[in-house]
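Protein chains: 2
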Amino acid sequence: MDDTLLDIGEVARASGLAPSALRFYERKGLIAPVGRNGLRRAYLPGTLDRLALITCARDAGFTLAEIGRFLDAGPDDAELRARMAVKEREVDELVSRLTRLRDSLRHVLVCDHDPLVECPEFKQAVRRVSVPE
Amino acid sequence: MDDTLLDIGEVARASGLAPSALRFYERKGLIAPVGRNGLRRAYLPGTLDRLALITCARDAGFTLAEIGRFLDAGPDDAELRARMAVKEREVDELVSRLTRLRDSLRHVLVCDHDPLVECPEFKQAVRRVSVPE
DNA sequence: CTGCGACTTGAAGCGCGGTTCAAGTCAAGG
DNA sequence: CCTTGACTTGAACCGCGCTTCAAGTCGCAG
Chain A
11 MDDTLLDIGE VARASGLAPS ALRFYERKGL IAPVGRNGLR RAYLPGTLDR
61 LALITCARDA GFTLAEIGRF LDAGPDDAEL RARMAVKERE VDELVSRLTR
111 LRDSLRHVLV CDHDPLVECP EFKQAVRRVS VPE
Chain B
11 MDDTLLDIGE VARASGLAPS ALRFYERKGL IAPVGRNGLR RAYLPGTLDR
61 LALITCARDA GFTLAEIGRF LDAGPDDAEL RARMAVKERE VDELVSRLTR
111 LRDSLRHVLV CDHDPLVECP EFKQAVRRVS VPE
C-alpha cells in the first residue's frame, strides 16, 4: 500500500539494531509502529531518526528508562531540562576522563616498561583520569 | 604488625568500592591481597593505584575480563599492544561522539521546540553523532 | 569469658539490555 | 493450493557487574 512505511526487517537493517531489540524498545515505550500490516509492524521513516538518537544516548551511558522520559517532553518541562543540564555536566566530565585515558593509551603504545602498567607516565596519567581536576 | 598493610574495609573506603566488589575483582583475578591476617585480607597500598586504573578503564567501557588481560602484560606482548591500539581508536571515537552529544545537550538547554527532540539543530547534531565524520 | 563488630565463605539474587526459543500467523509466488 | 520465509507472541534464558544473604571465624575491649 504505502511503500513509505517500513517493515521491522527494514528498520533493523537500516538502524543496525536487531528486530528483537526493536520489539524490546517497543515494550519499554521508546518506539512504536504507526500501524500494522496484518500482524506486521509498519514504521514511519522518522523512526530511524528516533533510533539514531536512542542509540547515541545509550552509547553515552543513558539508561533506556532515562531515554524514554527524555523522548516525550515539551519545552516547558522544567524537570527534564534540569536532568539534561545534569547530564550535560556528566557527559562533559566523561569526555575529560576519556580524553586523558586515550592519551594514556597513546603513550603506553610507545613506551617500554615491564609490566606496561608500571610506566610512571602512564600511572601519572591514570591519576589525572581518576582525580577530577 | 606491618601497619602499611591495608584491611579490606580501608581499601574499600579509600577506593570508593564496596568490599563485595573487591572480593568480586579478586575472583576475577584483577587484584589480590599480599597476604592474610588470620582470615583477613591484607593489601599493599599500591593496590589503590591498581584499583584507580581498574575503575577508570571500566568507566571507559572496558569489561573486567579485558582489564584483567591488560593488567598482566609486559612490553613484549605484541597482541596486547595491538588490542590497546584498537582501544585507543575506540576511545578516541567515543570521545568525538560524546563531545557532539554534549554540544547537542547544551543547545537543547536553551532552545524551545515542542517536543524538544524535534529541534532541527538538535536533530542535526544527533546525526553528526551517529555518522562517523 | 563474653560480647561485639568487622571480617570470612559460597551461593543465590538482582537490574540492565537484550537474545533465543517454540509455536503460531500471514502474504506473495509458483 | 501449498510452500516459503518473514513476521507475530510470551516466556525463558544470557552475560555482566555486582549485592545480599546465611552461616561461620576472628581479634580486641570490657
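Top line first, the protein sequences correspond to chains A and B.
Its first residue numbered 11, the first sequence is counted upward by one per residue in my numbering.
Its first residue numbered 11, the second sequence is counted upward by one per residue in my numbering.
In this text, a Cβ means the ideal position worked out from N, Cα and C, and glycines have one as well.
Check                                                                                                                                                                        : Outcome
For the segment 47-90 of chain B, list the alpha helix (DSSP H) runs that are entirely contained and at least 4 residues long, ordered along the chain.                      : 56-69, 74-81
Looking only at its own chain, which residues have a Cβ that is under 7 Å from the Cβ of Gly39(B), when we skip the five neighbours before and after it?                     : Gly78
At what residues does the alpha helix (DSSP H) containing Glu20(A) begin and finish?                                                                                         : 18-25
Could you work out which residue in Ala24(B), Asp102(B), Arg46(B) is closest to Thr57(B) when comparing CA atoms only?                                                       : Ala24(B)
Residues of chain B with a CB under 8 Å from the CB of Thr109(A): which are they?                                                                                            : Val105
Alpha helix (DSSP H) containing Glu36(B): first to last residue?                                                                                                             : 29-37
Using 10 angstroms around the beta-carbon of Leu61(A), count the other beta-carbons present and answer buried if the total reaches 16, otherwise exposed.                    : buried
What whole-angstrom Cβ distance do Thr109(B) and Val105(A) have, given they're in contact under 8 Å?                                                                         : 6 Å
Within the same chain, show all residues whose beta-carbon is closer than 7 Å to that of Ala83(A), passing over the 5 residues directly before and after it, in chain order. : Leu90
Does chain A have any CB closer than 8 Å to the CB of Glu20(B)?                                                                                                              : no
Return the CA-CA distance between Arg37(A) and Ala28(A), expressed in angstroms with no decimal places.                                                                      : 14 Å
Listing by chain order, which chain B residues have their CB less than 7 Å from the CB of Ala70(A)?                                                                          : Leu108, Leu111
So is Ala83(A) in contact with chain B if we call contact Cβ pairs under 8 Å?                                                                                                : yes
Is Leu74(B) close to chain A, meaning its C-beta is less than 8 Å from at least one C-beta of that chain?                                                                    : no
Counting only the same chain and skipping the five closest in sequence on each side, list residues whose C-beta sits under 6 Å from that of Leu74(B).                        : Lys38
Along the segment 86-100 of chain B, what residues have a CB closer than 7 Å to any CB found in chain A?                                                                     : Arg91, Met94, Ala95, Lys97, Glu98
Could you give the distance in angstroms between the alpha-carbon of Leu63(B) and the alpha-carbon of Leu81(A)?                                                              : 35 Å
Going by beta carbon distance, what residues of the same chain come within less than 7 Å of Val118(B), once the five residues before and after it are set aside?             : Leu126, Cys129, Phe132
List, in order along the chain, the chain A residues whose C-beta lies closer than 8 Å to that of Val118(B)?                                                                 : Met94
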